Amino acid sequence: MIYGVATFVQLMAMQKKDAVFVTAFRPISTILVALIGSIFLRDALYLGSIIGAIMIVIALYSTLWGKMKEKENKVMENANLEQGTESKLEISRV
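Residues in the sequence shown are numbered consecutively from 1, following our numbering.
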């Protein structure tokens with residue numbers, strides 16, 4: 001039930017923002033599900049589970065960070081290629 005609510009909120013956020021925005025907050029929903037489950041359902045939280053969740057969150061955010069940097073580099077490369085093409089066109093016109 002808790003996971004369903006988290007999914008519903010993510011779908012609403014996807015309509016208003018981009019899918020990347022939702023992906024960035026996906027690990028946080030996993031942690032919230034574990035915390036709410038331990039509070040309301042009295043599930044046991046073990047140290048290994050907490051450390052594992054932290055490691056997963058760090059890995060996912062570092063992957064998203066890398067994807068963002070890769071996208072920025074591609075945009076910069078495309079901008080440089082377009083400027084180079086425009087410069088060659090201007091030179092050939094003269």
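From the three backbone atoms N, C-alpha and C, an ideal C-beta is built for every residue, glycine too. Predicted, not measured: the structure shown is a model, and the values here were computed from it.
On the premise that L45 lies in contact with S38, defined as a C-beta separation below 8 Å, what is that separation, rounded to the nearest angstrom?
Rounded to the nearest angstrom, the Cβ distance from S38 to L45 is 5 Å, consistent with a contact under 8 Å.
Counting beta carbon pairs with one atom in the stretch 69-81 and one in the stretch 52-59, are three or more of them shorter than 8 Å?
No: fewer than three Cβ pairs fall under 8 Å.
Leaving out five residues before and five after A6 in sequence, what residues of the same chain have Cβ atoms less than 8 Å from its Cβ?
Excluding sequence positions up to five before and after A6, its CB lies within less than 8 Å of the CB of S29, L32, V33, all in the same chain and listed in chain order.
What is the DSSP secondary structure of Y46, counted as helix, strand or coil?
Note: Y46 maps to coil in three-state DSSP.
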